[in-house]
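Here the sequence shown stands for residues 97 to 348, numbered as in my numbering.
Glycine included, every Cβ here is placed at the ideal spot set by N, Cα and C.
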Amino acid sequence: MHRDRGRFDLVLNRPAQFNALSEEMLAALKAELAVVAADPAARCVVLSGAGRAFCAGHDLRQMRATPDIAYYRDLFGACTEVMQAIADLPVPVIARVHGIATAAGCQLVASCDLAVASSEARFAVSGINVGLFCSTPAVALSRNVPAKRAFEMLVTGQFIDAATAESWGLTNRTVAPGDLDAAVDDFVRTIMAKSPAAIRHGKALFHAQRERPCSDAYELATEVMARNMMEEDAGEGIDAFLQKRAPVWAGV
97 MHRDRGRFDL
107 VLNRPAQFNA
117 LSEEMLAALK
127 AELAVVAADP
137 AARCVVLSGA
147 GRAFCAGHDL
157 RQMRATPDIA
167 YYRDLFGACT
177 EVMQAIADLP
187 VPVIARVHGI
197 ATAAGCQLVA
207 SCDLAVASSE
217 ARFAVSGINV
227 GLFCSTPAVA
237 LSRNVPAKRA
247 FEMLVTGQFI
257 DAATAESWGL
267 TNRTVAPGDL
277 DAAVDDFVRT
287 IMAKSPAAIR
297 HGKALFHAQR
307 ERPCSDAYEL
317 ATEVMARNMM
327 EEDAGEGIDA
337 FLQKRAPVWA
347 GV
């Protein structure tokens, strides 16, 4: 993990295995996300993969070494905890995607708040090709991609290219490979120029309201917005707008 002021860079670092998610990597990633969550100065996270890929999903060799249902429940549970930790993190998480993002690696992309992909990136939920429906990736995928597109990916296991992933809503931007870092940095700069308090309120509300009935979602959003208005930053931001000057956010 590398920190630059409020930016945290987390790197999946098993390049020889295309950053397959071993038990150890899942535990390390969960621990690093907890460090970010506990840091009040955190502003955003960038998640990337070392070497030639973003993430090839679970480590299939490790999975086959322990054919026990209790082990599998623990393994998939650990992966689920990482995905939930990303959603629960009070700051935006940006996936920086190059190479392949398959199965649980594609799930990681879907679980992040934002995603920027190299035009050479490819995405698949490929478990079906080895006799395993990607059930846990389906949860994140179906919340980002239209239902028929998500099921197409799940039931065929076929790759889609970066342009298709963007058009289906899996990613936000597709850029030339040489522009990937600059595009991610642009997102980071934009986020870090906003009110930290507003983003923390907003991300929590965004995830909390998604699966609620509309009336319940509005009730929750009304309360969150009222609380947000009581933040120092809201007063500062509105005053700055009315006075035609740049805002000065608290804690920045």
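Straight-line measurement puts the Cα of lysine 340 at about 47 Å from the Cα of cysteine 175. For aspartate 184, the secondary structure class from DSSP, reduced to helix, strand or coil, is helix. The region 218 to 288 contains, as complete beta strand (DSSP E) runs of 3+ residues, the segments 218 to 220, 269 to 271 (chain order). Here serine 214 is buried, its C-beta having at least 16 other C-beta atoms within 10 Å. Sixteen is the threshold: when 16 or more other Cβ atoms of the shown chains lie within 10 Å of the Cβ of cysteine 208, as they do, the residue is buried. By the C-beta density criterion, alanine 259 is exposed, having fewer than 16 other C-beta atoms within 10 angstroms. If you keep only unbroken beta strand (DSSP E) runs of at least 3 residues inside the region 110 to 184, you get 140 to 145. The beta carbon of glutamate 327 is closer than 6 Å to those of Ala293 in its chain, skipping five residues each way along the sequence. Taking 8 Å as the upper bound for CB-CB distance, phenylalanine 219 and isoleucine 256 are in contact here, some 5 Å apart. When the beta-carbon positions are compared, leucine 204 and proline 188 stay at least 9 Å from each other.
Under the three-state reduction of DSSP output, alanine 197 falls in the strand class. The beta carbons of leucine 125 and leucine 156 sit about 18 Å from each other, so the pair does not count as a contact at 8 Å.
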